[in-house]
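For the sequence shown, counting from 1, position 318 maps to 318 in full-length UniProt numbering; every step adds exactly one.
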Amino acid sequence: MASTFNIFNEITLIGLTKAGHAEFATILVSGGQNQYSTKLLATAIQNNQLTFAKDLIASRVETGFNNEQSNEVWREIKEFNVDYVTRALNIGLIATQEYLWSVTANTRFGIHVVKTNYDLKTHPDLDVIKKIIQALIDAGARIDSHSLENATSTGSRQLVEYLLYLWKCTPNFGEACIITKICMHNAFMNLEWNLAIFLLNERISWMSRFMPDFNGLAFKASDQIDETLLNIEPSMEDESGEYFFAHFQELIDLGVYDATDSWSRSLNSLAYNSSDWKPSSVKYAISEYIKRGAKVTIQCIENAVYKSSGARGITDRLKYFLDELEIDPLYPPTAETGFYLMESLIFVRHNETHQSNLELMNLLLDKGFVICTECVLRGLSESCTAQEISPCFRRAVEYVVETESPIYNRFIKEFSERFAGHYFDVNSDNDLVLGFEFMASNGFTCTSEAVKYLEDAGNPNIWVMGHRLIGLARPAGTRYARTLHIRIALDSSQHQMSKSFAKSISTESANLQSIQKTIRESIETVTTTVLGRKFAVDSVTNTSESVLRLSERGLHRQQDHPLNIVKQRIQEYFARLNTTHVYTSHDALHPAVTPADNFDSLLIPKRHPSRAKTDTYYLNSEYVLRTHSSAHQAQLLREHSTTKLLKSSVANNVAKTHKDSFGFLVTADVYRRDEVDVSHYPVFHQMEGVRLFYRKNLLSQINMDAFPPIPKSAKVTDLPSLTNAKSNPIQDAHSAADSELVALHLKRSLEGLVWHLFGTSDKNLQMRWIEGSFPFTSPSYELEVMYNGKWLELLGSGVMQQQILTDNGCSDYIGWAFGLGLERIAMVLFDIPDIRLFWSTDPRFLNQFSSSSDLAKNFKFQPYSKYPACYKDVSFWIPQEAQWHDNDFFQLVRDVAGDLAEDVALIDTFKHPKTGLTSKCFRINYRSMDKNLVNEEVDLIQDNVRKELAHRFKVELRG
Numbered sequence: 001m002a003s004t005f006n007i008f009n010e011i012t013l014i015g016l017t018k019a020g021h022a023e024f025a026t027i028l029v030s031g032g033q034n035q036y037s038t039k040l041l042a043t044a045i046q047n048n049q050l051t052f053a054k055d056l057i058a059s060r061v062e063t064g065f066n067n068e069q070s071n072e073v074w075r076e077i078k079e080f081n082v083d084y085v086t087r088a089l090n091i092g093l094i095a096t097q098e099y100l101w102s103v104t105a106n107t108r109f110g111i112h113v114v115k116t117n118y119d120l121k122t123h124p125d126l127d128v129i130k131k132i133i134q135a136l137i138d139a140g141a142r143i144d145s146h147s148l149e150n151a152t153s154t155g156s157r158q159l160v161e162y163l164l165y166l167w168k169c170t171p172n173f174g175e176a177c178i179i180t181k182i183c184m185h186n187a188f189m190n191l192e193w194n195l196a197i198f199l200l201n202e203r204i205s206w207m208s209r210f211m212p213d214f215n216g217l218a219f220k221a222s223d224q225i226d227e228t229l230l231n232i233e234p235s236m237e238d239e240s241g242e243y244f245f246a247h248f249q250e251l252i253d254l255g256v257y258d259a260t261d262s263w264s265r266s267l268n269s270l271a272y273n274s275s276d277w278k279p280s281s282v283k284y285a286i287s288e289y290i291k292r293g294a295k296v297t298i299q300c301i302e303n304a305v306y307k308s309s310g311a312r313g314i315t316d317r318l319k320y321f322l323d324e325l326e327i328d329p330l331y332p333p334t335a336e337t338g339f340y341l342m343e344s345l346i347f348v349r350h351n352e353t354h355q356s357n358l359e360l361m362n363l364l365l366d367k368g369f370v371i372c373t374e375c376v377l378r379g380l381s382e383s384c385t386a387q388e389i390s391p392c393f394r395r396a397v398e399y400v401v402e403t404e405s406p407i408y409n410r411f412i413k414e415f416s417e418r419f420a421g422h423y424f425d426v427n428s429d430n431d432l433v434l435g436f437e438f439m440a441s442n443g444f445t446c447t448s449e450a451v452k453y454l455e456d457a458g459n460p461n462i463w464v465m466g467h468r469l470i471g472l473a474r475p476a477g478t479r480y481a482r483t484l485h486i487r488i489a490l491d492s493s494q495h496q497m498s499k500s501f502a503k504s505i506s507t508e509s510a511n512l513q514s515i516q517k518t519i520r521e522s523i524e525t526v527t528t529t530v531l532g533r534k535f536a537v538d539s540v541t542n543t544s545e546s547v548l549r550l551s552e553r554g555l556h557r558q559q560d561h562p563l564n565i566v567k568q569r570i571q572e573y574f575a576r577l578n579t580t581h582v583y584t585s586h587d588a589l590h591p592a593v594t595p596a597d598n599f600d601s602l603l604i605p606k607r608h609p610s611r612a613k614t615d616t617y618y619l620n621s622e623y624v625l626r627t628h629s630s631a632h633q634a635q636l637l638r639e640h641s642t643t644k645l646l647k648s649s650v651a652n653n654v655a656k657t658h659k660d661s662f663g664f665l666v667t668a669d670v671y672r673r674d675e676v677d678v679s680h681y682p683v684f685h686q687m688e689g690v691r692l693f694y695r696k697n698l699l700s701q702i703n704m705d706a707f708p709p710i711p712k713s714a715k716v717t718d719l720p721s722l723t724n725a726k727s728n729p730i731q732d733a734h735s736a737a738d739s740e741l742v743a744l745h746l747k748r749s750l751e752g753l754v755w756h757l758f759g760t761s762d763k764n765l766q767m768r769w770i771e772g773s774f775p776f777t778s779p780s781y782e783l784e785v786m787y788n789g790k791w792l793e794l795l796g797s798g799v800m801q802q803q804i805l806t807d808n809g810c811s812d813y814i815g816w817a818f819g820l821g822l823e824r825i826a827m828v829l830f831d832i833p834d835i836r837l838f839w840s841t842d843p844r845f846l847n848q849f850s851s852s853s854d855l856a857k858n859f860k861f862q863p864y865s866k867y868p869a870c871y872k873d874v875s876f877w878i879p880q881e882a883q884w885h886d887n888d889f890f891q892l893v894r895d896v897a898g899d900l901a902e903d904v905a906l907i908d909t910f911k912h913p914k915t916g917l918t919s920k921c922f923r924i925n926y927r928s929m930d931k932n933l934v935n936e937e938v939d940l941i942q943d944n945v946r947k948e949l950a951h952r953f954k955v956e957l958r959g
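Here you go:
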């Protein structure tokens with residue numbers, strides 16, 4: 001029976017269900033095979049096959065649906081239908097908040113919408129939406145701020161009023177106001193000012209009733225709008241700007257937007273999105289912004305060039321921005337500040353835009369921007385097409401020769417490194433040869449050092465193509481010519497092999513170009529979504545669906561989850577440490593950040609390994625999934641910069657200059673491509689703390705905190721000295737006294753934190769400080785604890801680099817920062833043996849933890865099962881041209897096997913002495929945390945791993 005049953009897969013069962021033959025599907029499922037799927041269950045609900053639906057549930061779910069299981073089914077019930085929702089609730093699905101959010105926005109599942117173009121004002125199904133919302137409320141869902149924010153994004157006042165009515169009918173009406181800044185922002189940006197005023201009045205009404213002693217709007221610290229992620233500028237429907245300029249300042253005065261530099265950020269947004277505007281409208285809008293204190297910055301210019309290069313009228317638009325750009329003579333544009341602008345112009349390929357872009361380039365040069373050799377190099381193979389030198393590339397080469405007189409070697413070196421895995425033919429790669437010829441004719445020279453670069457590339461095709469390109473340049477001397485001649489003679493056999501191969505490739509070049517064009521056009525239309533925000537997929541994208549799905553979990557915000565418990569304990573400690581509410585907490589910041597925020601703002605070097613695609617998940621070339629909680633440091637520092645407007649009432653604003661100590665705690669899920677074992681996972685959780693002190697009142701502010709006493713039974717081993725001139729220096733911007741005061745405050749704060757977490761269960765706790773090394777702090781420290789007889793690193797910390805503070809408006813401050821991993825602390829506190837357990841939805845795991853638990857009771861996790869491991873090996877030959885990294889294989893295993901892969905280890909590497917090919921062998925340990933894996937099941941997963949490995953990386957499987 002079992003072998004016959006296998007042919008009845010999910011598609012067959014769905015077809016039977018849709019055709020009204022659920023009784024046959026029931027018989028098949030009852031045959032002992034597990035054919036449950038969320039799609040099949042959703043189909044049964046939609047086709048009113050409730051008996052079959054209940055049988056499906058009984059075959060899979062023993063104790064009823066939890067939130068995650070219910071969400072999976074709601075995702076499959078895509079249509080908003082009252083009957084579907086009623087049936088689903090009747091058979092046991094939970095009315096989850098995520099599904100309610102999707103209904104209130106009438107969009108995809110689980111989105112927390114900030115702004116959408118979808119207009120529900122005249123939508124014929126508004127009554128249907130209301131009935132579904134009522135059914136969900138009756139089943140236990142609640143109207144919250146996300147629900148209302150989504151409703152305001154639709155522009156439907158009727159829907160907003162309906163949600164407010166339901167909210168007012170709930171018992172928790174007086175606990176917190178759900179009318180947030182984002183609600184007002186959505187109404188404003190949808191040109192619904194009357195709706196914004198209505199919401200404002202509703203909030204004032206609620207506050208007068210439940211917060212009568214407060215005269216302002218009393219927005220919470222967690223209710224901040226990240227204006228850097230929004231497009232806040234006049235819309236196309238309001239191109240005159242009349243509506244926007246009339247009301248934006250009112251919302252700033254009310255505290256909806258940050259008073260510090262909202263106008264300037266809005267102007268940056270306008271520069272990015274005004275490519276379709278009339279030049280006259282852009283000119284008017286810029287003048288209005290300037291009147292209101294906004295400043296045109298280099299960021300504005302970059303936005304305008306990047307979004308609009310080559311567009312009709314862009315030269316006029318850019319002129320208007322450049323006319324208002326104020327260049328500080330003490331800080332003129334550098335090669336770095338102009339790199340992005342010039343590179344985007346040189347990269348443009350379309351002939352019809354060449355002249356316009358050349359005008360832009362000359363405008364920028366006249367304004368003081370510069371072109372560097374790196375710009376020319378990056379544009380080399382992009383700008384020489386159809387056997388024609390683009391005007392921008394021509395101008396760039398001339399400028400660099402005039403100003404820098406570069407030698408050819410650097411270009412040959414970069415060419416060798418960048419194209420080491422490619423095959424070239426000097427006859428077919430005309431654009432590359434053309435570019436080098438032009439550079440050579442304009443003064444680029446080379447030396448014998450270039451030969452070494454080609455040799456190091458390890459690719460005979462590079463040798464052939466590279467020497468052709470070297471030959472185009474002017475040799476620096478006869479010695480180089482002799483070296484080149486001898487070297488070519490010695491390697492003639494390699495040359496012939498390369499030419500033969502390249503010739504066979506070139507015959508297919510026309511077809512390849514056609515395919516590449518189709519692929520590029522397809523990629524441009526593909527997007528990926530992270531927590532409601534869409535990101536265009538491009539050639540840099542390396543995120544996987546399995547990782548993106550994890551971003552929706554928010555483990556650190558789940559009540560009674562062990563990570564949430566640790567987070568709360570840390571927040572509790574810092575609240576006790578300073579009772580003046582110095583520290584604000586943030587735990588819902590969006591995980592998509594720019595490389596600038598993730599790396600540059602923290603002074604991480606350009607060539608640091610953490611920037612590589614093998615280590616970081618790139619959503620596209622402009623956004624990454626944050627690799628650490630510090631990615632939000634610059635943003636939060638800017639929000640706390642020296643001058644803030646404190647609202648004493650809705651009508652009156654009182655300006656006050658902050659010269660006090662302040663700090664913040666950031667908790668976030670972070671993402672890294674890493675190895676597979678019981679202590680590593682592609683998504684984990686970090687907590688960062690920052691504390692700043694006003695430098696002129698440093699001593700008095702240092703003494704504000706009440707550090708908890710650590711008993712003599714505990715042992716803290718400190719460094720011989722707080723600093724070391726060579727390995728752990730004081731920054732030039734700091735005095736020794738100030739730096740040491742801040743470092744001492746940091747250490748006492750963190751020693752108290754570790755005692756708060758661990759000391760109640762271990763009176764003989766041992767801690768020790770060691771020197772650290774981080775780009776963003778100096779001096780830097782790491783704190784370790786003795787655990788199971790070994791020193792275990794808990795956190796990294798240090799005195800913040802003053803440049804970071806200065807760059808973000810806090811030059812008058814000095815401060816410290818620390819970062820720690822919540823999983824590592826929770827695994828030690830609760831004896832959790834495997835990081836995968838944190839992602840488990842098994843109640844046998846989750847029910848062991850409670851936020852009310854007392855850590856002093858030394859609670860430890862009790863394992864509920866330990867199933868045997870199943871080991872499988874996979875070995876393969878790696879192609880010579882492949883740019884292999886083990887992290888790519890680890891990610892593949894995660895994509896295919898999910899959490900069934902406990903760890904992956906490299907057990908053998910071999911290089912063939914004749915072919916030069918490298919073989920690797922990995923051992924995969926499969927083990928489920930919930931059930932015993934049978935060998936047949938693992939064989940199927942292993943087979944899929946092997947197939948995907950051969951397909952994705954073009955390796956040759958062995959055995």
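In this text, a Cβ means the ideal position worked out from N, Cα and C, and glycines have one as well. Since we're looking at a predicted model, the values are computed, not measured.
Which class does Ile907 belong to by DSSP, given the choice of helix, strand or coil?
strand
Tell me whether Arg549 is buried or exposed, calling it buried when 16 or more other Cβ atoms sit within 10 Å of its Cβ.
exposed
In DSSP terms, what Cys870 is bridged to
Tyr926
Of the choices Gly140, Ser679, Lys747 and Glu98, whose alpha-carbon is the least far from that of Ala901?
Ser679
Over the uninterrupted beta strand (DSSP E) stretch that includes Arg768, give me the two end residues.
Gln766 to Glu771
Pick out whichever of Ala634, Met189 and Asn564 has its Cα sitting closest to the Cα of Asp807.
Ala634
Helix, strand or coil: how does DSSP classify Glu545 here?
helix
From Lys713 to Trp755, what distance separates their C-alpha atoms?
Note on identity: in this sequence residue 713 is Ser, with Lys being the wrong assignment. Using only the alpha carbons, I get a separation of about 12 Å.
Same chain only: Cβ atoms within 8 Å of Gln568, ignoring 5 sequence neighbours per side:
Ser851
Where does Leu949 land, buried or exposed, given buried means 16+ other C-beta within 10 angstroms?
buried
For Pro720, count neighbouring Cβ atoms within 10 angstroms of its own Cβ and tell me buried if that reaches 16, exposed if not.
exposed
Smallest Cα separation from Arg768: which of Phe953, Lys715 and Phe774?
Lys715
Measure the C-alpha to C-alpha separation of Gln891 and Leu753 and round it to an integer number of angstroms.
35 Å
Tell me the rounded alpha-carbon separation between Ile565 and Ala575.
15 Å
Could you tell me the distance, in whole angstroms, from the CA atom of Val955 to the CA atom of Leu822?
38 Å
For Lys715, write down the residues that DSSP places opposite it in a beta bridge.
Gln766
Tell me which same chain residues have a C-beta within less than 6 Å of the C-beta of Ser739, skipping the five on either side of it?
Ile730 and Val799
Please work out which residues of its chain come closer than 7 Å, Cβ to Cβ, to Asn303, disregarding the five sequence neighbours upstream and downstream, and give them in chain order.
Asn268, Ala271 and Tyr272
Buried versus exposed call for Glu79 [16 or more other C-beta atoms within 10 Å across all chains shown]:
exposed
Let me make sure I understand the geometry here. Which of Gly140, Arg927 and Val128 has the alpha-carbon closest to that of Gln97?
Gly140
With Phe664 as the anchor, note down where its beta strand (DSSP E) starts and where it stops.
Phe662 to Tyr671
Leu744 versus Pro779, Phe774, Ser761 and Leu200, residue with shortest Cα-Cα distance:
Pro779
Look up Asp939 in the DSSP assignment and say whether it is helix, strand or coil.
helix
Do you know offhand how far Ile371's Cα is from Asp903's?
48 Å
Compute the beta-carbon to beta-carbon distance between Arg836 and Tyr864, rounded to the nearest angstrom, for a pair I have assumed lies under 8 Å.
In fact, because the Cβ distance is near 14 Å, the residues do not count as touching under 8 Å.
Thinking C-beta only, is Val537 closer than 8 Å to Asn620?
yes
Report all residues from its chain with a CB closer than 6 Å to the CB of Ile825; omit the five preceding and five following residues, and keep chain order.
Val566
So, do the segment 664 to 683 and the segment 604 to 622 have three or more beta carbon pairs nearer to each other than 8 Å?
yes
Asp597 (DSSP reduced to helix, strand or coil)
helix
Around the Cβ of Tyr320, are there at least 16 other Cβ atoms within 10 angstroms (buried) or fewer (exposed)?
buried
Which class does Pro779 belong to by DSSP, given the choice of helix, strand or coil?
strand
Check whether Ser840 and Gly959 have beta carbons under 8 Å apart
no
Should Val397 be labelled buried (16 or more other beta-carbon atoms within 10 Å of its own) or exposed?
buried
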